[in-house]
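Using this note's numbering, you'd call the opening residue of the sequence shown number 3 and step up by one each time.
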Amino acid sequence: MCASSWAASRPTVPALGQRGINRRSNDGIVGGPLRQTGESVISPCYERAAQFFGALDVHPAATVGDGGETAAKSKVSCIVRGCFRRGSMRALAAATFSFAILLRIIIGFHPHSGQDDYQGPTVGIASDPVKYGGDYEAQRHWMEVTLHLPISEWYYHDLQYWGLDYPPLTAYVSWACGWVAHNVGSRFDGNRPPDTCAVADGEECSETPGSSDGLVELKDLVALNSSRWGFEGRAGKMYMRITVLVLDICVYMTAVWTIAKRLVPPTNDEASMPGYFTTSQQQRTWLVLTALCQPAIVLIDHGHFQYNTVSLGLALWSFHYMTLEDSRTTSFYGPVIGSVLFSLALNFKQMELYHAPAVFAYLLGRCFRHGSERRTIGVQTTIKFFSLGVAVMCTFALLWAPFALTHRDSASSGANIDGVLQVVRRVFPFNRGIFEGKVCSSDFHLCITTVCI
Numbered sequence: 003m004c005a006s007s008w009a010a011s012r013p014t015v016p017a018l019g020q021r022g023i024n025r026r027s028n029d030g031i032v033g034g035p036l037r038q039t040g041e042s043v044i045s046p047c048y049e050r051a052a053q054f055f056g057a058l059d060v061h062p063a064a065t066v067g068d069g070g071e072t073a074a075k076s077k078v079s080c081i082v083r084g085c086f087r088r089g090s091m092r093a094l095a096a097a098t099f100s101f102a103i104l105l106r107i108i109i110g111f112h113p114h115s116g117q118d119d120y121q122g123p124t125v126g127i128a129s130d131p132v133k134y135g136g137d138y139e140a141q142r143h144w145m146e147v148t149l150h151l152p153i154s155e156w157y158y159h160d161l162q163y164w165g166l167d168y169p170p171l172t173a174y175v176s177w178a179c180g181w182v183a184h185n186v187g188s189r190f191d192g193n194r195p196p197d198t199c200a201v202a203d204g205e206e207c208s209e210t211p212g213s214s215d216g217l218v219e220l221k222d223l224v225a226l227n228s229s230r231w232g233f234e235g236r237a238g239k240m241y242m243r244i245t246v247l248v249l250d251i252c253v254y255m256t257a258v259w260t261i262a263k264r265l266v267p268p269t270n271d272e273a274s275m276p277g278y279f280t281t282s283q284q285q286r287t288w289l290v291l292t293a294l295c296q297p298a299i300v301l302i303d304h305g306h307f308q309y310n311t312v313s314l315g316l317a318l319w320s321f322h323y324m325t326l327e328d329s330r331t332t333s334f335y336g337p338v339i340g341s342v343l344f345s346l347a348l349n350f351k352q353m354e355l356y357h358a359p360a361v362f363a364y365l366l367g368r369c370f371r372h373g374s375e376r377r378t379i380g381v382q383t384t385i386k387f388f389s390l391g392v393a394v395m396c397t398f399a400l401l402w403a404p405f406a407l408t409h410r411d412s413a414s415s416g417a418n419i420d421g422v423l424q425v426v427r428r429v430f431p432f433n434r435g436i437f438e439g440k441v442c443s444s445d446f447h448l449c450i451t452t453v454c455i
């Protein structure tokens, strides 16, 4: 039966006031809001799907007492009812996130930055004789360095070959990813001894990567020095792509969904009319899709290879908590939590400094907003300002303390100010040109700032 013939033969629909709730006894499915006409009961969601199911020769109307309905019609009826019941928003959210994840996976099958040492369509320009590849190799190399070297060497080791130049939180995340890769690979590597790599600059590991198959390749992926110059096996690239995807889902996607629910909150129509795709649901869905499928985010992180969504996700979470409470209330936990999260974003990637002036101005304004008596305004302002300062300083202290407490020379003691200054020099390379290596990040933030804010 085609769509037009079904539409011509369907029962006439009475006024909305005759809607009711019907419970099918033959298949056990509880229907949504239904329109009754004599013998037939038609759900409004069925009418929307008339053309689609008409093309499948399936009648979307559920006839009361019809015991001869085929199994195929019953299954389709179950699907349609389930999609438009009260749980439809969960199904819609799952479909939205599944599409965004699938898009990222598809992009990940394409070449990453610097793959096979490709440096762009240049003619007559040789590759860099000092280092290989691009951002993919840099991120992989940082896993190798942070895993095998003491923390005092992280920002000193062989700076000519993709030296670490991101803030400490990036280094810690690189260590965690490298640790997982090394231990997973070691579980499948029963024949080779553990790595015995030297830590001095310029020395090479005694082991060679060899030909590895499967997950054992992950151990070679982060082997110190011997993994340089193009370790691009399939298992290794798959693992690197997975690390970006997992962090994206855990940090950025959850932040986008949380903020979308705040910007477009559920309405009474969604609760009272579960059989309808309401305007608020449409707006929320488009908002999430726009943020998750923004080309700059997907192409740079999952194609080119970066971890920008971690810093962006932390920034979005900080914006969420900063604005969660009414500024006229006495509670100030939200801005304090937000300041901690934004400090983490800054310590993951220094490009979040673009957002810092606006964040500072907003938090400073929150310190001067009060809903109590005027005589306590000065005290409350001082307490709030002090709370923000303590939260930010404690966050930075925890992340930077290891570099101040460890020394390259084991005989040294006390605070290692030179170690902290070395991190600052690497993160802000004024001595070698602040523009170096920051072009991609600058363009990225210019592309996505409007979408995220």
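Backbone N, C-alpha and C fix where the C-beta goes; we use that ideal spot for every residue, glycine too. As the structure is a computational prediction, the values presented were derived from the model and not from experiment.
Judged by beta-carbon spacing, residue 262 lies within the 7 Å limit of residue 290, meaning their Cβ atoms are closer than that value.
In the pairwise beta carbon analysis, the segment 175-183 is classified as touching the segment 141-160: at least three pairs are separated by under 8 Å. One alpha carbon belongs to residue 333, the other to residue 370, and they sit about 13 Å apart. Contact check for residue 390 against residue 341 passes: the beta carbons are separated by less than 7 Å. Using a 10 angstroms sphere on the CB of residue 411, the tally of other CB atoms stays under 16, which defines it as exposed. Boundaries of the alpha helix (DSSP H) harbouring residue 188: 170-189, taken from the DSSP string. Put simply, of 416, 413, 159, 405 the residue whose alpha carbon is nearest the alpha carbon of residue 422 is 405. For residue 433, there is no enclosing alpha helix (DSSP H), as DSSP marks it with neither H nor E.
Between residue 97 and residue 175, the alpha-carbon positions lie close to 29 Å from each other. Exclusion of the five residues before and after residue 286 leaves 262, 266 as the residues of its chain whose Cβ lies within less than 6 Å of its Cβ. In the structure shown, the three-state DSSP call for residue 156 is coil. In the displayed model, residue 231 falls within coil according to three-state DSSP, outside both helix and strand. Setting aside the 5 residues that flank it on each side, residue 313 is surrounded in the same chain by 347, 350, 351, 354, each with a C-beta closer than 6 Å to its C-beta; the list follows chain order. Where residue 222 is concerned, the enclosing alpha helix (DSSP H) starts and stops at 219-223.
Rounded to whole angstroms, the gap between the alpha carbons of residue 318 and residue 254 is 8 Å. Around the Cβ of residue 172, a 10 Å sphere holds 16 or more other Cβ atoms; the residue is buried.
Non-local C-beta neighbours of residue 428 in its own chain, meaning closer than 6 Å and more than five positions away in sequence, comprise 157, 167, ordered along the chain. Here the C-alpha atom of residue 387 lies approximately 17 Å from the C-alpha atom of residue 320. Spatial neighbours of residue 237 in its own chain (CB-CB distance under 7 Å, excluding positions within 5 residues in sequence) are listed in chain order as 216, 217, 219, 220. Taking a C-beta distance under 7 Å as the contact criterion, residue 138 and residue 114 qualify as a contact pair.
Distance from the CA of residue 361 to the CA of residue 324, rounded to the nearest whole angstrom, comes to 9 Å.
Following the DSSP letters along the chain, one finds residue 255 in no alpha helix (DSSP H), marked with neither H nor E. Nearest to residue 143 by C-alpha distance, out of 105, 170, 229, is 229. With a beta-carbon spacing of about 28 Å, residue 357 and residue 110 fall beyond the 8 Å limit used to define contacts. For residue 295, the three-state secondary structure derived from DSSP is coil. Spatial neighbours of residue 177 in its own chain (CB-CB distance under 7 Å, excluding positions within 5 residues in sequence) are listed in chain order as 148, 149.
Residue 386: member of the alpha helix (DSSP H) spanning 379-407, first to last residue. If you compare the alpha carbons of 368, 112, 251 with that of residue 326, the shortest gap goes to 368. The closest CA to that of residue 310, considering only 364, 245, 395, 322, is found on 245. For residue 133, no alpha helix (DSSP H) run applies, since DSSP gives it neither H nor E. For residue 322, the enclosing alpha helix (DSSP H) covers residues 310-324. The C-alpha of residue 170 lies about 16 Å from the C-alpha of residue 164.
If you draw a 10 Å sphere on the C-beta of residue 179, you find 16 or more other C-beta atoms in it, and that means buried. Annotation: residue 385 to residue 227 spans about 51 Å, alpha carbon to alpha carbon.
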